[in-house]
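Residue numbers (the working numbering), protein chains in the order written: chain C, 1 to 332; chain R, 1001 to 1174. All C-beta atoms, glycine included, are put in the ideal place defined by N, C-alpha and C.
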């Protein structure tokens, strides 16, 4: 019991530290990459190549006034950023970063905990964070924030169904709810090639789920100033921001695990540490893809978002689940 | 619709590769300034002859040519003891309101002595409207090195009538 606890504490500490650094530098990476897409230079003032920019931003945010509007619901207003951020971090508990390997004479899995219903856990946890955003919008007592919150809940509901069904196809194909099992089931080929439709649906719904462009109409600046974020300042704002970027990493990690073979790659059985490298590379590639899409596509309209979710993605994913089920039943 | 999505992505990817190969099209401004065109028209200056005399004779043709009414000139009489420019008169007051100026360069064209010239310097920023009215002292370039400024004492009598200085007409510093 005690060694297990110590292991879990060490692993989660490392995980949270990595995520926070990852978040900080992802903001810089996104700004730099978008600058490249727009033939600009991007942040280059703080430190060489702007490498200290995240630090400068953090210091700035700490010293900003922490403002709570007079008619806001104080308790919910304070709680909302936490409800958004914590589930975003919790997802990483079941994601395998690498295969089993021996570290300092201690055999361990590069995964915080290998729950046997890991997929269910992921689906459950991701749904919580929408509460944070909707509550933030409601607690702010601000029209823009409320509209942002409403949009967020509508968007999440329309896309979570299709996303869940895409995950169901994955579970049907691999025959396991254990996340490490899904990765191991991809030894003979990534699920991306076996379930291309599910992969595409998962990616699109994922973009909507984490509110990335072109589905960022929850915080559409032109219409809603900043949506649910409007009344937030200082570190509360930073928590939302952090949640958004951690979700971006989290979603890429999920996509990698479900469809891109997770940590699997050549020679990974001989050198287990390579698994981490493959995993990081795949996640980085997906994040690049998301930034690329952000730099390219304009935001879609609210009704288009709804129509795409309910009339295109949901039937497609349903059909995909049906087809997968039939094939699995016939081959079993 | 899907094809358009990929076409858009292809366009931005090309831009991305271009930026990484050839560098961005923007400049890190305070350190690297964008090269100006040869005929860029910036803030004005009033020039001198090589002997230090001012070119401006206070004729106010620039003020007349100015479409924005940005130039104010008040002429003063040159005397033998206090000579600022060749000829009878010089610009006692010469002011340009940079907020009115449209940097068209008509003043430059109108000037009979090539006194007012638009340089390639970018007009400065300021905190007050008054700070944008540049006076003669700010506009006038310093005399060439080793040459006295104005006013000077007239030694060549032809300077009394000739409004354009030529090599050979000598003057003496006060």
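Check                                                                                                                                                                                             : Outcome
According to the neighbour-count rule (16 or more other Cβ atoms, all chains shown, within 10 Å of its Cβ), is residue 1174 of chain R buried or exposed?                                         : Because residue 1174 of chain R sits at a pLDDT of 48, beneath the cut-off of 50, its placement in the model cannot be relied upon, and the following sentence gives the value as read from the coordinates. Result: exposed.
Please list, in chain order, the chain C residues whose beta carbon lies closer than 9 angstroms to that of residue 1013 of chain R.                                                              : 37, 292 and 296
Can you tell me where the beta strand (DSSP E) with residue 284 of chain C in it begins and where it stops?                                                                                       : Looking at the DSSP string, residue 284 of chain C is not in any beta strand (DSSP E); the run it does join, the alpha helix (DSSP H), is 274-296.
Quick one: is residue 1138 of chain R near chain C, going by C-beta distance under 9 angstroms?                                                                                                   : no
Does any residue of chain C have a CB that is nearer than 9 angstroms to the CB of residue 1035 of chain R?                                                                                       : no
Please tell me whether residue 44 of chain C has its Cβ less than 9 angstroms away from any Cβ of chain R.                                                                                        : yes
Is it the case that the Cβ atoms of residue 39 of chain C and residue 1024 of chain R are separated by a distance below 9 angstroms?                                                              : yes
Between which two residues does the beta strand (DSSP E) harbouring residue 182 of chain C extend?                                                                                                : Here residue 182 of chain C belongs to no beta strand (DSSP E); instead the alpha helix (DSSP H) covers 179-184.
Give the residues from the stretch 39-69 of chain C that approach chain R closer than 7 angstroms (Cβ to any Cβ), ordered along the chain.                                                        : 39, 40, 41 and 44
Should residue 1006 of chain R be labelled buried (16 or more other beta-carbon atoms within 10 Å of its own) or exposed?                                                                         : exposed
Between which two residues does the alpha helix (DSSP H) harbouring residue 348 of chain C extend?                                                                                                : This structure cannot speak to residue 348 of chain C, because chain C is shown only from 1 to 332.
Give, in chain order, every residue of the stretch 1135-1163 of chain R whose Cβ lies closer than 9 angstroms to some Cβ of chain C.                                                              : none
Is the beta carbon of residue 96 of chain C sitting closer than 9 angstroms to the one on residue 257 of chain C?                                                                                 : yes
Sort R:1079, R:1114, R:1076 and R:1071 by Cα distance to residue 1095 of chain R and report the nearest one.                                                                                      : R:1071
Measuring alpha carbon to alpha carbon, tell me which residue in C:89, C:110 and C:100 is nearest residue 121 of chain C.                                                                         : C:89
Taking only beta-carbon atoms, is residue 1016 of chain R less than 9 angstroms away from chain C?                                                                                                : yes
Please name the residue, chosen from R:1003, R:1021, R:1008 and R:1053, that lies closest to residue 1148 of chain R on a Cα-to-Cα basis.                                                         : R:1053
Show which residues of chain C have a CB atom less than 8 angstroms away from the CB atom of residue 1008 of chain R.                                                                             : 296 and 297
Taking all protein chains shown into account, decide if residue 1001 of chain R is buried (16 or more other Cβ within 10 angstroms of its Cβ) or exposed.                                         : exposed
Closest by CA to residue 1012 of chain R, which one among C:301, C:293, C:314 and C:45?                                                                                                           : C:293
Checking the sheet assignment: what are the DSSP bridge partners for residue 113 of chain C?                                                                                                      : For residue 113 of chain C, which the question treats as bridged, DSSP gives no partner whatsoever.
For a quick check, are the C-beta atoms of residue 113 of chain C and residue 93 of chain C less than 9 angstroms apart?                                                                          : yes
Please classify residue 1029 of chain R: does DSSP put it in a helix, a strand, or coil?                                                                                                          : coil
Does the structure place the stretch 150-167 of chain C close enough to the stretch 199-208 of chain C that three or more beta carbon pairs sit under 8 angstroms?                                : yes
Quick check: residue 219 of chain C and residue 309 of chain C, are their CB atoms within less than 9 angstroms of each other?                                                                    : no
For residue 230 of chain C, collect the residues of the same chain with a Cβ closer than 6 angstroms to its Cβ; drop the 5 residues on either side in sequence, then sort them by chain order.    : 142, 144 and 145
So with Cβ pairs under 9 angstroms, would you call residue 33 of chain C a contact of chain R?                                                                                                    : yes
Within the same chain, show all residues whose beta-carbon is closer than 8 angstroms to that of residue 62 of chain C, passing over the 5 residues directly before and after it, in chain order. : 234 and 235
Counting only beta-carbon separations shorter than 9 angstroms, does residue 1020 of chain R have a partner in chain D?                                                                           : Absent from the structure is chain D; the protein chains it does hold are C and R.
Any beta carbon from chain C within less than 9 angstroms of residue 1026 of chain R's own beta carbon?                                                                                           : yes
Please report how far the alpha carbon of residue 225 of chain C lies from the alpha carbon of residue 57 of chain C, in whole angstroms.                                                         : 21 angstroms
Taking the beta carbon of residue 138 of chain C as the centre, do at least 16 other beta carbons fall within 10 Å, making it buried, or is it exposed?                                           : buried
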